[in-house]
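Below is one structure; the comments refer to it alone.
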Amino acid sequence: MDSKFFKDLFKKYYEKIFDNYKIIEKEFNINKDQYIEIDLDKNIYYNVFNINNSEVKIKINNNDISMIYNEFNIIGKVKINILINNSGNLRIYNLYKVNNNSSSDSIEKIYNKNNVVLISKIFIDKNSENSEGKLSQYLLEENGISILLPILDIENNKSKGFHGSKIFKLTEKEENYLKYLSLNKEEIKNILMREFNFI
Amino acid sequence: MLKIEGLNVYSDNKKILENINLEFEYGKLYLIFGPNGSGKTTLAKSILNDESLKKEGKIFLDNIDITNEKTENIAKYIFYSFQDPVEIENIRTRTLLMYILDNFDEKNILSLGKDLGLPEDFLDRGVNYNLSGGEKKRFSLLLSILLNRKIIILDEIDSGVDIEFLNKLKYYLNQFKKENKIVILISHNFKFVKELDIDKVIILIDGKIKYVGDKDILNKIEENGFKIF
Numbered sequence: 000m001d002s003k004f005f006k007d008l009f010k011k012y013y014e015k016i017f018d019n020y021k022i023i024e025k026e027f028n029i030n031k032d033q034y035i036e037i038d039l040d041k042n043i044y045y046n047v048f049n050i051n052n053s054e055v056k057i058k059i060n061n062n063d064i065s066m067i068y069n070e071f072n073i074i075g076k077v078k079i080n081i082l083i084n085n086s087g088n089l090r091i092y093n094l095y096k097v098n099n100n101s102s103s104d105s106i107e108k109i110y111n112k113n114n115v116v117l118i119s120k121i122f123i124d125k126n127s128e129n130s131e132g133k134l135s136q137y138l139l140e141e142n143g144i145s146i147l148l149p150i151l152d153i154e155n156n157k158s159k160g161f162h163g164s165k166i167f168k169l170t171e172k173e174e175n176y177l178k179y180l181s182l183n184k185e186e187i188k189n190i191l192m193r194e195f196n197f198i
Numbered sequence: 000m001l002k003i004e005g006l007n008v009y010s011d012n013k014k015i016l017e018n019i020n021l022e023f024e025y026g027k028l029y030l031i032f033g034p035n036g037s038g039k040t041t042l043a044k045s046i047l048n049d050e051s052l053k054k055e056g057k058i059f060l061d062n063i064d065i066t067n068e069k070t071e072n073i074a075k076y077i078f079y080s081f082q083d084p085v086e087i088e089n090i091r092t093r094t095l096l097m098y099i100l101d102n103f104d105e106k107n108i109l110s111l112g113k114d115l116g117l118p119e120d121f122l123d124r125g126v127n128y129n130l131s132g133g134e135k136k137r138f139s140l141l142l143s144i145l146l147n148r149k150i151i152i153l154d155e156i157d158s159g160v161d162i163e164f165l166n167k168l169k170y171y172l173n174q175f176k177k178e179n180k181i182v183i184l185i186s187h188n189f190k191f192v193k194e195l196d197i198d199k200v201i202i203l204i205d206g207k208i209k210y211v212g213d214k215d216i217l218n219k220i221e222e223n224g225f226k227i228f
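These protein sequences, in sequence, are chains A and B. First residue of the first sequence? That's 0 in numbering that gives the first Met the number 0, and the numbers climb one at a time after it. First residue of the second sequence? That's 0 in numbering that gives the first Met the number 0, and the numbers climb one at a time after it.
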């Protein structure tokens, strides 16, 4: 595992500073519902999650220049809910590998106050039949720049992949309507945050 | 009392309203009537100090100058229902109501919603999201009831709706009067407004007030059009 691997993954979004970063590897074997919180520092994180018929909630916090690669090996029926809370400069790659006769329902929520590049790939190989990978992305930005790049790589024609994304933002007209109902800017922001957290 | 003095209103440097002087008293129903483009909606929005409008003149609510007050602050006392309410997919109706109501009583709200003909799941939908035009008007009426503001301005809430809703609207307009609110209805609908217990009719044409008086004027307009002014 070296920086070339990550350069190939992130391509133009890779920055030279990552060449000097330490790579921290971790493996999680998950057979029951679990909550995991990860605080990032100036490192590259390489995580492998082997998930078997469970629901996993992951919260990733970043306020520096960091990179994280998550590989999800999915067996059976799996739900993954990831909240990315970023106020730094973050590169994140999520790879969802859905095995034979398995399904993943993944939600990625990104609350971004700075810069984030998120590459999310659903991969179902040619030997994995009757499998399904679903990815829903929700973005709430606060003066940030977000680049979301979803990829569906489905090699077996008896399997399916889905992707959808939504930006949590109000138009001027929508904000105006809420002002006419006596809500100020701060209250409008709080409501939006509340709805974002509800997902 | 709501008092408007010497109001001129501009939008994109164009004068939309000229020298508007009006007084509205509690416990009364006012009809603002006039042809399309006469400035009725602009008048309503200028009371709430809409950011898109430039104003000269003064507006007082209970002797307090609200001319330059922020819209969201004025809205604590005045409810305005839009002609064409916007759909907000990202905010559920339930969440909005929990924020703006002093007391969120779900059972009561659902019961009222059902009575007004709203879909069963309206609380779980985005605000006005995927509601028909008529349903959006029903939701506006629901808001006017729940928010309980001292002044209610309903902008063409009687257009594009069925007879059942019009009957409900008639009932609530009377209720609002009994509750001593100032009720201002903006309408084009002759047939409907003639059935209402209107205290004063205000005719607005080309941004100017042409008439303030009783509702007998509506029969004359219906026979002869606005050219009588």
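All C-beta atoms in this analysis are idealised placements derived from N, C-alpha and C, irrespective of residue type, glycine included.
Test: residue i CB closer than 8 Å to a CB of chain A
i: Pro84(B); result: yes
i: Tyr98(B); result: yes
i: Thr40(B); result: no
i: Arg124(B); result: no
i: Tyr79(B); result: yes
i: Ala229(B); result: No information on residue 229(B) is available, as it lies outside the stretch 0 to 228 that chain B covers here.
i: Leu6(B); result: no
i: Thr70(B); result: yes
i: Asn35(B); result: no
i: Lys75(B); result: yes
i: Ile90(B); result: yes
i: Leu95(B); result: yes
i: Gly87(B); result: According to the sequence shown, residue 87(B) is Ile rather than Gly. Cβ-Cβ to chain A under 8 Å: yes for Ile87(B).
Other residues of its chain near residue i: CB distance less than 8 Å, five sequence neighbours each side excluded
i: Glu194(A); result: Phe167
i: Phe228(B); result: Ile202, Ile204, Lys209 and Tyr210
i: Ile74(A); result: Asn49, Ile50, Asn51, Asn52, Asn98 and Ser101
i: Ser37(B); result: Leu203, Ile204, Asp205 and Gly206
i: Leu141(B); result: Ile108, Leu111, Gly112, Leu115 and Leu117
i: Leu96(B); result: Phe103, Ile108, Leu122 and Leu145
i: Ser139(B); result: Ser80, Phe81, Pro84, Leu153 and Ile156
i: Met0(A); result: Ile22, Glu24 and Tyr45
Whole-angstrom C-beta distance between residue j and residue i, which should lie under 8 Å
i: Asp157(B); j: Tyr79(B); result: Actually they do not touch by this definition, with Cβ atoms about 15 Å apart.
i: Leu203(B); j: Lys53(B); result: Going by Cβ atoms, the distance from Leu203(B) to Lys53(B) rounds to 19 Å, so no, they are not a contact pair.
i: Ile111(A); j: Gly163(A); result: A quick correction: the sequence has Asn, not Ile, at residue 111(A). So it is not a contact: roughly 18 Å between Cβ atoms.
i: Ser65(A); j: Leu82(A); result: Actually they do not touch by this definition, with Cβ atoms about 16 Å apart.
i: Leu1(B); j: Ser45(B); result: With 8 Å as the limit, Leu1(B) and Ser45(B) do not qualify as a contact, their Cβ atoms being about 12 Å apart.
i: Leu134(A); j: Leu191(A); result: At roughly 22 Å, the Cβ-Cβ gap does not stay under 8 Å, so Leu134(A) and Leu191(A) are not in contact.
i: Phe189(B); j: Leu217(B); result: 6 Å
i: Gly125(B); j: Glu88(B); result: 4 Å
i: Leu47(B); j: Ile77(B); result: 6 Å
i: Asn85(A); j: Ser119(A); result: Not a contact, Cβ separation roughly 15 Å.
i: Tyr25(B); j: Asn179(B); result: 5 Å
Min CB distance residue i to chain B below 8 Å
i: Ile190(A); result: yes
i: Leu148(A); result: no
i: Glu141(A); result: no
i: Phe182(A); result: For clarity, residue 182(A) is Leu in the given sequence; the question names Phe instead. True, the Cβ-Cβ gap to chain B drops below 8 Å.
i: Lys178(A); result: yes
i: Lys15(A); result: no
i: Glu186(A); result: yes
i: Glu107(A); result: no
i: Arg193(A); result: yes
Chain-order list of residues whose beta-carbon lies under 6 Å from that of residue i (same chain, five-residue window excluded)
i: Tyr20(A); result: Asn42 and Ile43
i: Leu117(A); result: Ile91 and Leu147
i: Ile152(B); result: Ala43, Tyr79 and Ile183
i: Leu30(B); result: Leu184, Val192, Ile197 and Val200
i: Ile3(B); result: Ile19, Leu21 and Ile58
i: Ser10(B); result: Leu52
i: Ser103(A); result: Ile73, Val77, Tyr95, Val97 and Gly132
Within chain C, partners of residue i - CB distance below 8 Å
i: Leu39(A); result: Although the question refers to chain C, the structure presented lacks it and instead comprises the protein chains A and B.
Proximal residues to residue i (C-beta, below 7 Å), its chain only, five neighbours per side dropped
i: Asn28(A); result: Asn49
i: Glu174(A); result: Ile187
i: Ile198(A); result: Ile106, Lys108 and Tyr137
i: Lys230(A); result: Chain A is shown only over 0 to 198; residue 230(A) falls outside these bounds and no answer can be derived.
Proximal residues, the stretch 45–66 of chain B versus chain A, C-beta separation under 7 Å: Leu47
Any 3 or more C-beta pairs closer than 8 Å across the stretch 63–72 of chain A and the stretch 44–52 of chain A: yes
The stretch 178–185 of chain B contacting the stretch 6–20 of chain B, beta-carbon criterion three pairs below 8 Å: no
Residues from the stretch 97–122 of chain B in contact with chain A, defined by Cβ distance under 7 Å: Tyr98 and Ile99
Segment contact flag, the stretch 176–192 of chain A with the stretch 146–161 of chain A, C-beta cutoff 8 Å, min 3 pairs: no
The stretch 53–71 of chain B in contact with the stretch 103–113 of chain B per 3-pair CB rule at 8 Å: no
contact_flag[the stretch 28–35 of chain A, the stretch 54–66 of chain A] where n(CB pairs < 8 Å) is 3 or more: yes
Given 8 Å, three or more beta-carbon pairs between the stretch 132–146 of chain B and the stretch 45–61 of chain B: no
Contact residues within the stretch 153–172 of chain A, judged by C-beta distance below 9 Å to chain B: Lys165, Ile166, Phe167, Lys168, Leu169, Thr170 and Lys172
Residues, ordered as in the chain, of the stretch 129–163 of chain B that lie near chain A by beta-carbon distance below 8 Å: Leu142 and Leu146
Under 7 Å (Cβ pairs) to chain A, residues found in the stretch 17–35 of chain B: none
Members of the stretch 57–76 of chain A that neighbour chain B once the beta carbon cut-off is set at 7 Å: none
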